[in-house]
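In structure tokens form, the structure reads like this:
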């Protein structure tokens with residue numbers, strides 16, 4: 112199961128160990144996600160337990176039972192109200208995510224679901240709310256094993272007005288090429304890709320010709336000075352999937368997996384194509400997904416959580432599905 116994903120659903124129906132409620136600081140509930148959670152869980156029982164907790168400061172989190180919800184726990188966190196950005200709102204919002212994930216981990220949760228905190232009536236600009244969420248989730252998942260789900264009502268919920276997303280659409284429009292044209296050059300490009308990073312000797316070149324994808328990947332990880340955990344966390348793939356990848360002879364990864372690894376390894380486009388070539392693939396300009404990956408690499412955008420939010424907004428396949 113992938114570590115991060117986005118789904119279009121009602122958070123009260125999500126099957127996860129814990130869900131996060133954008134709570135009122137006092138033991139009352141307000142219209143919106145807060146009220147929906149109370150009503151689905153059983154408002155009398157939940158409100159009684161919430162009253163035992165009392166006041167929750169902004170940026171903090173408290174836990175109650177999930178009652179009638181599919182989730183075992185409800186994590187109540189108080190998001191900040193937007194006041195222009197100069198009153199600690201970004202730090203408080205980041206704290207909501209980090210403290211919620213940390214508490215879920217201490218409770219033994221393997222999965223949890225968030226709404227986009229503070230992006231509604233609390234007035235946070237959606238692009239800032241998304242960037243804060245993406246960084247907090249990415250930083251946590253680089254260190255810990257947990258499935259984190261961002262639950263949205265529709266794609267417009269993550270229509271971030273991010274400059275990145277606008278620029279990506281322009282990049283795709285300007286570079287998209289019909290497949291019939293690309294196919295004339297793909298075989299030659301795949302052959303040329305072997306020469307992107309010239310080997311230092313004939314012996315090394317001959318070794319590279321026979322090098323499997325798995326061996327090439329492990330050598331690349333060592334060259335980058337990374338640990339295996341850094342790579343599979345950063346690629347949004349599971350430890351189990353990664354272990355199978357590096358231990359299976361003649362492993363044939365999907366393009367999605369290789370692109371996720373390229374993001375995690377912080378490769379440039381040429382390096383990514385060389386890794387893809389080991390699996391018999393290349394980034395092409397007849398695929399909107401491929402162009403998006405090329406755009407991320409060219410702009411050194413290596414936060415896979417934020418990248419997946421942008422891919423989701425543009426109705427493209429998310430990275431690291433396995």
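Residue numbers (the numbering used here): 112 to 433.
No residue lacks a Cβ here, since even glycine has one placed at the ideal position from N, Cα and C.
What you are looking at is a predicted structure, and each value in this text was computed from that prediction instead of being measured.
Residue burial is scored here from C-beta neighbours: residue 139 has fewer than 16 other C-beta atoms within 10 angstroms and is therefore classed as exposed.
Counting C-beta atoms within 10 angstroms of its own C-beta, residue 198 has fewer than 16 neighbours from the protein chains shown and is therefore classed as exposed.
Contact annotation, residue 287 with residue 402: C-beta distance approximately 6 Å; criterion of less than 8 Å satisfied. Around the C-beta of residue 175, 16 or more other C-beta atoms lie within 10 Å, and the residue is accordingly described as buried. Cβ neighbours of residue 165 within its own chain (closer than 7 Å, five residues either side excluded): 138. Assigned with DSSP and collapsed to three states, residue 212 falls in helix.
If you draw a 10 Å sphere on the C-beta of residue 170, you find 16 or more other C-beta atoms in it, and that means buried. When the beta-carbon positions are compared, residue 221 and residue 258 come within less than 8 Å of each other. Judged by DSSP in its simplified three-state form, residue 224 adopts strand.
Here residue 379 is not near residue 337, since their CB atoms are 8 Å or more apart. Contact between residue 208 and residue 235 does not hold, since their C-beta atoms are separated by about 13 Å, which reaches or exceeds 8 Å. In the structure shown, residue 252 adopts helical secondary structure according to DSSP, grouped into three states.
Excluding five sequence positions before and after residue 178, the CB atoms of its chain that fall closer than 6 Å to its own CB belong to 152, 153, 156 and 157, given in chain order. Under the DSSP assignment, residue 186 falls in the beta strand (DSSP E) whose first and last residues are 184 to 188. DSSP, read as helix, strand or coil, puts residue 243 in helix.
Of the candidates 417, 116 and 419, the residue whose Cα lies closest to the Cα of residue 260 is 116. When the beta-carbon positions are compared, residue 424 and residue 400 stay at least 8 Å from each other.
Taking C-alpha positions only, residue 390 is separated from residue 329 by approximately 14 Å. Beta-bridge annotation (DSSP): residue 176 is paired with 184.
A direct Cα-to-Cα measurement between residue 219 and residue 188 gives close to 18 Å.
One thing to note: residue 376 has its Cβ within 8 Å of the Cβ of residue 342. Between the C-alpha atoms of residue 322 and residue 355 there is a straight-line separation of about 17 Å.
Residue 211 and residue 125 do not touch by the CB rule: their CB atoms are close to 14 Å apart, not below 8 Å. Proximity to residue 416 across 392, 335, 216 and 431 peaks at 431, based on C-alpha coordinates. Burial check for residue 345: the Cβ neighbour count within 10 Å reaches 16 or more, so the residue is buried. If you draw a straight line from the Cα of residue 280 to the Cα of residue 145, it is about 35 Å long.
The C-beta distance from residue 183 to residue 120 rounds to 18 Å, too long to meet the 8 Å contact threshold. Beta-carbon to beta-carbon, residue 122 and residue 243 are separated by about 19 Å, too far to satisfy the 8 Å threshold. Of the candidates 149, 333, 381 and 240, the residue whose Cα lies closest to the Cα of residue 195 is 240. Taking C-alpha positions only, residue 149 is separated from residue 229 by approximately 18 Å.
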